[in-house]
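**Q** Input: one structure, supplied below.
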Amino acid sequence: MKITKFFALMCAAATLSFAGCELIDETPGDGTQTEQPDQPGDQPGEPTTGTITLSVDKTAVQLGETIKLTVTQEGQDVTSAATIYDAATMNKVKNGEFTPESTGNYSFFATKGNESSNYVYIAVMATIPTLPEDTDAANTKFNHRILLVDHTGIKCGYCPMMIDNLLAFEEEYPNWASHLNEVTCHAGSMAGGDPANSPAATTVNQYYSPDGYPNLSINFHSATVGNYQQGYFLQLMDQTFKDLVKVDGADAGIAIATSGDSSTVYATVAIKSAVEQEYKVTAWLLESKIYGNQAGASQDYHKIYNHALRNIGGTYSKNDISGDSVGVIKVGESIETAFELPVTSSKWKVENMDVLIIVSAKDKTKRWEVVNTAICPVNSTANYEYVE
């Protein structure tokens, strides 16, 4: 339990104890009455014990929209007897309604007596792209795409060899090409003066801490593949994909809608679950067709950088790049969230950008690990990718 949440519960308990001993003056006066605090279970028919659940009518809203939060206990609405908190500020939400005054990600929880609820998460954006219709709503067999992060830099003389190795892998093993999404992370000691570098790339580089360049990280923790001679590289990659790819279906599916201009990219995301568990989601803004005078280049395409990391939406740091929780999603159900991705340089070209969505869940060792990825060009949509 978070410390702030603990204090909120203590304060709530203290307030209830005090209110229970307060004498009410019934002497006739001017006809006014002091409003007394709501008491848990003081409404006729309301349960007084049992787990409470907080829910919200929308998880992605446009700035200025009002969201409605509801607390239930034993299947009954007890919102009027509960206290709902903005988890970041610990401000109370009055009457179960909240109208955000700024964009960003918000989280809420509720208390009632000694009970504490789950958290709910809300994404607020200036504009919300419309998700494509799910034409196979009962389907929960999603194509699985793992994450490849190529650590590289303009001064890395061996990095063109990794480009050729990856191209050879997709050519030699076309069956694996539909099970990956690649990011090039231009950061670290070889990226001085690199036009594809960004603060987000530097943070991701610090998270993975590659021991040399080029270096290939797979998912957050799954594997690392070095820049080996091509024959061995292909053999190792094939075995790694055999070990990691769930050909019968990923834990979750991803649908995306994006819009953007030269200042901001917006993404609406839906996550549909095939495995009931808590999920985290992050959005990475990628740019392609960036020219750089690459060291060691022997071909023109070695000087064109694709899928370079430009920015990250939501919460991230050098210690955790898994993003924000969207809570537990039951099998067959979906939840929507949204991201704002600022375009912070006039040199970045939004027409060459994509949004990569990375969904993760806790693995057997309780680490957040990638369970699926999906990519969508800016000003476009990408529906759930089902297993054929």
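Sequential numbering of the sequence shown, starting at 26, is according to the numbering used here.
Think of the CB as a built atom: it goes at the ideal place given N, C-alpha and C, for glycine as much as any other residue.
Treat the numbers as computed from the prediction; the structure is a model and nothing was measured.
(1) What separation, rounded to the nearest whole angstrom, lies between the Cα atoms of residue 85 and residue 152?
(2) Could you spell out where the alpha helix (DSSP H) holding residue 188 opens and where it closes?
(3) Starting from the Cα of residue 195, find the closest Cα among 260, 374, 319, 312 and give me that residue.
(4) Counting Cβ pairs closer than 8 Å, one from the segment 124-137 and one from the segment 163-171, do we hit at least three?
(5) Return the CA-CA distance between residue 136 and residue 354, expressed in angstroms with no decimal places.
(6) Span of the beta strand (DSSP E) holding residue 98?
(7) If we count Cβ pairs, one from each stretch, closer than 8 Å, do we get three or more for the segment 378-388 versus the segment 280-294?
(8) In terms of residues, what are the limits of the alpha helix (DSSP H) holding residue 314?
(9) Determine whether the beta carbon atoms of residue 71 and residue 106 lie at a separation below 8 Å.
(10) Tell me the rounded alpha-carbon separation between residue 236 and residue 98.
(11) Could you tell me whether the Cβ atoms of residue 184 and residue 324 are closer together than 8 Å?
(12) Can the beta-carbon of residue 239 be found closer than 8 Å to that of residue 176?
(13) Got a sec? Which residues, its chain only, sit under 8 Å from residue 394 by beta carbon, not counting five neighbours each side?
(14) Nearest to residue 300 by alpha carbon, out of 166, 258, 159, 311?
(15) Could you compute how far the alpha carbon of residue 282 sits from the alpha carbon of residue 222?
(16) According to the Cβ coordinates, are residue 342 and residue 228 closer than 8 Å?
**A** With the structure as the only source:
(1) When rounded, the distance between both Cα atoms is 10 Å.
(2) 184-197
(3) 260
(4) no
(5) 22 Å
(6) Run containing residue 98: 92-98, per the beta strand (DSSP E) assignment.
(7) yes
(8) From DSSP, residue 314 is part of no alpha helix (DSSP H); its letter is neither H nor E.
(9) yes
(10) 52 Å
(11) no
(12) yes
(13) 244, 245, 246, 247, 385, 386, 387, 388
(14) 166
(15) When rounded, the separation of the alpha-carbon atoms in residue 282 and residue 222 is 26 Å.
(16) yes
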